[in-house]
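Throughout, the working numbering is defined as the position within the sequence shown, counted from one, plus 2.
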Amino acid sequence: MKVLAINSSPRITGQSKTELLMSHLVSGMEAAGAQVDVVHLRTKKVRNCIGCFTCWTKTPGRCIHQDDMTGELFPKFIASNLAVLATPLYHFTMNASMKAFVERTLPVLEPTLVRKGDITYHPLRGPHPGIVALSVAGFPEISVFDQLSAHLRFMYKQGLLGEIYRPGAEAMVQPVFRKVCDDVLDAVSQAGKELVKSLKISPETMERITQPICDFELMARASNIFWKTCIAQGVTPEELKAKSLVPRPESVEDFMGLMQMAFRPELAGDVSAVIQFAFTGLLSGSCFFTIGDGVIDASPGTSPLPALTIETPFDLWMDVLTGKADGQKAFMDGKYRATGDLTWLVRMKEMFGSSNVGG
Ligand SMILES: Cc1cc2nc3c(=O)[nH]c(=O)nc-3n(C[C@H](O)[C@H](O)[C@H](O)COP(=O)(O)O)c2cc1C
3 MKVLAINSSP RITGQSKTEL LMSHLVSGME AAGAQVDVVH LRTKKVRNCI GCFTCWTKTP
63 GRCIHQDDMT GELFPKFIAS NLAVLATPLY HFTMNASMKA FVERTLPVLE PTLVRKGDIT
123 YHPLRGPHPG IVALSVAGFP EISVFDQLSA HLRFMYKQGL LGEIYRPGAE AMVQPVFRKV
183 CDDVLDAVSQ AGKELVKSLK ISPETMERIT QPICDFELMA RASNIFWKTC IAQGVTPEEL
243 KAKSLVPRPE SVEDFMGLMQ MAFRPELAGD VSAVIQFAFT GLLSGSCFFT IGDGVIDASP
303 GTSPLPALTI ETPFDLWMDV LTGKADGQKA FMDGKYRATG DLTWLVRMKE MFGSSNVGG
C-alpha cells in the first residue's frame, strides 16, 4: 500500500502536535507494511487555485501553476492508495495551507455535472486515494471538530476512511500527563496499523485516541496563567520556553494548578509526602499537595500530618518559584519559615520541572 501523509502545520518538528500525531500514525502504517511518503507543506510551494479551469479544458488533469503541487504533490496524491490529510484546527476547520492543497486537487475531477438522488457532483477523472483525516485542537471538547468532520464527510463520502481528532492537544507535551499521552500516541499508531490492514479504525482505538487527558478546570487555569505570563513578559510561548521562564500564579488556586501541571512523575519516583503551604501577607490562604505513587493531588486548607510546612508571604514564594528570589537565601534571612523534614525543600525542587503550560 502506498500512502501520502501530508502535514499542514506551519510549526516545526518538536512544536507541532499535528506532526507528533502524524508521525505515530505513519510509524503504525509502516509497521503494517505500507510505504509512506511524508510531506510537510510548510516546506513546499503550493499556490492558491486561481479558478481558471485550465485543468478541465486546455490541459485536462493538469494545473496551470508550475509549483510543487503540479510538479510533485498532485502526481504523488493520485498515485497513492491512501492520503493522510493532517491539519491543525484553525478557526474550527482545516488551516489555509491544507485548504490550498485540497483545492489544488481539482484536476482529479471531470467538469461534467452528474446527479445521483438529489446530489450533484463531478465524476472522478482517474484514481483517487482513500482519505484519512487527522487534526489537533487547543480546546478540550471533541465537538470542536464537528465542522471539519461534516465538511470532509460531505466532500469525500465513502472515500473518507478514517478521522483522527485530538482535542486539548497542547497539553499532550506536559510531563505530568505522559502516561495517558503515551497511550493516546500508541493508539494513533495502532490506528495506522488498522487502516493499512482493514481500511478502518476500530471503535476501541478511537476511544483511546480521544480519551480525556486532564480535567478542564486544571487545563484552563494553567493555560490562563501561562498566557498572562507571556503577555506580562512580552514573549511568545516558544520564547517563554526557550528562556525557561516560569508562569507566575496570582492566587492560591492558580498556584495549586500550576504545581500540579509542573509535577514530574518520573522525577518523583515512588516517594510519598504531604507538603503544606501557609501563605501570609496580603494574599493569605493555605493549601497542601499530597504526593504518592507518581501522582500529585492539590487541596485547599490544612493537612493534619504534613512532612513539610512552608509559611511564607505569597509574593515571596512566587518570586522563588519564578527565579526572581533565591529560596535558600530567603530562608537564611528568615523571610519564610519551613518546619518538618527540611530535605523536602530540596526534593520538592527536583520533583517539579519548569511548567510551561498552555500554548
Ligand atoms: C490561527 C489559529 C486558529 C486556531 N483556531 C482554533 C480553533 O478554532 N479551535 C481550537 O480548538 N484550537 C484552535 N487553535 C489552536 C490549535 O489548533 C492548536 O494550538 C494545535 O495544537 C496546533 O497544532 P500544531 O501544533 O500542529 O500547529 C488555533 C490556532 C491558531 C494559530
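In this text, a Cβ means the ideal position worked out from N, Cα and C, and glycines have one as well.
N- and C-terminal bounds of the alpha helix (DSSP H) containing residue i
i      : result
Lys195 : Arg180 to Ser200
Val329 : With the sequence shown as reference, residue 329 is identified as Gly, and Val is not the correct amino acid for it. Looking at the DSSP string, the run of the alpha helix (DSSP H) that includes Gly329 is Gly329 to Met334.
Thr2   : It is not possible to answer for residue 2, since the shown part of the chain is limited to 3 through 361.
Ile298 : Not the alpha helix (DSSP H): Ile298 falls in the beta strand (DSSP E), residues Val297 to Pro302.
Val348 : Thr345 to Met353
Lys78  : Phe76 to Ile80
Start-to-end residues for the beta strand (DSSP E) that takes in residue i
i      : result
Pro315 : Leu310 to Pro315
Ser25  : Per DSSP, Ser25 belongs to no beta strand (DSSP E); it is in the alpha helix (DSSP H), Lys19 to Ala33.
Ala7   : Lys4 to Asn9
Thr341 : Arg339 to Gly342
Pro62  : From DSSP, Pro62 is part of no beta strand (DSSP E); its letter is neither H nor E.
Phe290 : Gly287 to Gly294
Val175 : Looking at the DSSP string, Val175 is not in any beta strand (DSSP E), and its letter there is neither H nor E.
Asp2   : Residue 2 lies beyond the residue range present for the chain, which begins at 3 and ends at 361; the question has no answer from this structure.
Residue i CB to nearest heavy atom of ligand 1 below 7 Å
i      : result
Arg13  : yes
Lys19  : yes
Ala135 : no
Gly140 : yes
Phe94  : yes
Val146 : yes
Leu87  : no
Glu352 : no
Pro239 : no
Glu252 : no
Leu27  : no
Glu74  : no
Glu172 : yes
Leu91  : yes
Expected contact under 8 Å - CB spacing of residue i and residue j to nearest Å
i      : j      : result
Val38  : Val5   : 4 Å
Phe290 : Ser301 : 6 Å
Val393 : Leu75  : The chain is shown only over 3 to 361; residue 393 falls outside these bounds and no answer can be derived.
Cys54  : Pro109 : Contact doesn't hold; Cβ gap of about 12 Å is too wide.
Ile8   : Val86  : 6 Å
Ser191 : Leu27  : 7 Å
Pro142 : Pro177 : Actually they are not in contact, since the Cβ atoms of Pro142 and Pro177 sit about 19 Å apart, beyond 8 Å.
Arg44  : Pro12  : 5 Å
Gln278 : Thr311 : 4 Å
Ile203 : Gly161 : Not a contact, Cβ separation roughly 15 Å.
Phe94  : Pro131 : Wrong, their Cβ atoms sit about 25 Å apart, outside the cutoff.
Gln267 : Leu260 : It should be noted that the sequence gives Pro, not Gln, for residue 267. Going by Cβ atoms, the distance from Pro267 to Leu260 rounds to 16 Å, so no, they are not a contact pair.
Ala135 : Leu154 : 5 Å
Ala36  : Val198 : 5 Å
Ser10  : Phe103 : 7 Å
Met281 : Val254 : Contrary to the premise, residue 281 reads as Phe rather than Met in this sequence. About 6 Å; that satisfies the 8 Å criterion.
Pro249 : Thr231 : 4 Å
Gly296 : Ala264 : Contact flag wrong, Cβ pair sits at about 14 Å.
Residue-level contact to chain C via CB, residue i, 8 Å cutoff
i      : result
Gly170 : The structure shown has no chain C; it contains just one protein chain.
Residue i CB to nearest heavy atom of ligand 3 below 7 Å
i      : result
Pro177 : Ligand 3 is absent from the structure shown, which contains only ligand 1.
Complete runs of the alpha helix (DSSP H) confined to the region 83-109 [at least 4 residues] | 98-105
Taking only runs of the beta strand (DSSP E) that begin and end inside the region 97-168, which ones reach a length of at least 3 residues, in chain order?
-> 116-118, 121-123, 132-138 and 162-168
Minimum length 4: unbroken alpha helix (DSSP H) runs contained in the region 223-281 | 239-244, 254-264 and 267-270
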